[in-house]
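Novice:
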Amino acid sequence: AQSVSQHNHHVILSEAASLELGCNYSYGGTVNLFWYVQYPGQHLQLLLKYFSGDPLVKGIKGFEAEFIKSKFSFNLRKPSVQWSDTAEYFCAVNAAGGFKTIFGAGTRLFVKA
Amino acid sequence: DAGVTQSPTHLIKTRGQQVTLRCSPISGHKSVSWYQQVLGQGPQFIFQYYEKEERGRGNFPDRFSARQFPNYSSELNVNALLLGDSALYLCASSLENGMTSYFGQGTRLTVV
Numbered sequence: 001a002q003s004v005s006q007h008n009h010h011v012i013l014s015e016a017a018s019l020e021l022g023c024n025y026s027y028g029g030t031v032n033l034f035w036y037v038q039y040p041g042q043h044l045q046l047l048l049k050y051f052s053g054d055p056l057v058k059g060i061k062g063f064e065a066e067f068i069k070s071k072f073s074f075n076l077r078k079p080s081v082q083w084s085d086t087a088e089y090f091c092a093v094n095a096a097g098g099f100k101t102i103f104g105a106g107t108r109l110f111v112k113a
Numbered sequence: 114d115a116g117v118t119q120s121p122t123h124l125i126k127t128r129g130q131q132v133t134l135r136c137s138p139i140s141g142h143k144s145v146s147w148y149q150q151v152l153g154q155g156p157q158f159i160f161q162y163y164e165k166e167e168r169g170r171g172n173f174p175d176r177f178s179a180r181q182f183p184n185y186s187s188e189l190n191v192n193a194l195l196l197g198d199s200a201l202y203l204c205a206s207s208l209e210n211g212m213t214s215y216f217g218q219g220t221r222l223t224v225v
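Sequences listed follow chains X and A, in order. Quick note: the first sequence, position 103, residue 103 per the working numbering, numbers continuous. Position in the second sequence counted from 1, then plus 113, gives you the working numbering.
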């Protein structure tokens, strides 16, 4: 069965610090990978996605993620966080053409101004 | 364009009652998925419907059922509510299977 593991449940950073959130998945076939963000009081929004091609994908608001197939990982990065990045971040995976998207437990990021 | 809309936004039910939650997908999207999000956890997959047929089901009891209508809107039904069914229920739509899902605001269900 597919599963997604996010390594950090809570992260606290100061503004301008660099961010890396870990995500590992278990599935042997071709996958589509996603990072979603949920800002306080708002609905889940797509941050970035990987379907195929360049394993380094860029998303909105300066976020990027790298797909490393050999490590079954899809880590999210941002060189310099802002206070407005305070949110909960979810990694998700589905089998290419599959019927369900599996989410990780989420990482709560708090950025201190 | 309107996003995914869900109704109602909040709901309080008593144990043993039944509840129906509604979802309207983004125009043109044929796939609708339902998720349950308990506080502190990520969304848990319940169902996916595509072209009005159930295409996937998560590890939820038979008390949970859903359907998709010809206009691609969807309903999630939960019978014999338990306290543990209290959660945020999310609906997501996508153009096709495995494509990007767009989420609604969710329905907050409280069972007392």
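Here a beta-carbon is modelled for each residue, glycine too, at the ideal position from N, C-alpha and C.
Identify the residues that DSSP records as bridge partners of A193 of chain A: which are they?
Specialist: The count along the second sequence starts at 1 and reaches residue 193 of chain A at position 80. In the DSSP output, where bridge partners are listed per residue, A193 of chain A has none listed.
Novice: According to DSSP, is I12 of chain X helix, strand or coil?
Specialist: Sequence index remark: in the first sequence, residue 12 of chain X carries index 12 (1-based). Three-state DSSP puts I12 of chain X in a strand.
Novice: DSSP on K112 of chain X, reduced to helix/strand/coil?
Specialist: On the first sequence, residue 112 of chain X is found 112 positions in, with the first residue counted as 1. In this structure, K112 of chain X counts as strand in the three-state DSSP scheme.
Novice: Suppose you measure from the CA of Q157 of chain A to the CA of Q2 of chain X; what does that come to, to the nearest Å?
Specialist: Working through the second sequence from its first residue, we reach residue 157 of chain A at position 44. Working through the first sequence from its first residue, we reach residue 2 of chain X at position 2. Taking the straight line joining both Cα atoms gives about 12 Å.
Novice: So, is Q150 of chain A buried or exposed, given that buried needs 16 or more other C-beta atoms within 10 angstroms?
Specialist: Along the second sequence, read from residue 1 onward, the residue named residue 150 of chain A stands at position 37. By the neighbour-count rule (16 or more Cβ atoms within 10 Å), Q150 of chain A is buried.
Novice: Does the separation of the CB atoms of Q231 of chain A and G219 of chain A fall below 8 Å?
Specialist: The question about residue 231 of chain A has no answer here: the residues shown for chain A are numbered 114 through 225.
Novice: In whole angstroms, give me the CA-to-CA distance for H7 of chain X and L21 of chain X.
Specialist: Looking up residue 7 of chain X in the first sequence gives position 7. Looking up residue 21 of chain X in the first sequence gives position 21. Roughly 7 Å between the two C-alpha positions.
Novice: Below 8 Å, how does it come out for the region 10–24 of chain X and the region 69–84 of chain X: are there three or more Cβ pairs, yes or no?
Specialist: Touching, yes, given that three or more Cβ pairs across the two stretches are closer than 8 Å.
Novice: Can you give the Cα-Cα distance for Q82 of chain X and L13 of chain X, rounded to whole angstroms?
Specialist: Taking the first residue of the first sequence as 1, we reach residue 82 of chain X at position 82. Taking the first residue of the first sequence as 1, we reach residue 13 of chain X at position 13. So the alpha carbons of these two residues sit roughly 9 Å apart.
Novice: If I'm right that F34 of chain X touches L44 of chain X with Cβ under 8 Å, what's the distance once you round it to whole angstroms?
Specialist: By one-based count along the first sequence, residue 34 of chain X stands at place 34. By one-based count along the first sequence, residue 44 of chain X stands at place 44. The Cβ separation is near 10 Å, so there is no contact.
Novice: What runs of the beta strand (DSSP E), each 3 residues or longer, lie entirely inside the region 35–74 of chain X?
Specialist: Segments of the beta strand (DSSP E) lying fully in the region 35–74 of chain X: 45–50, 56–58 and 64–68.
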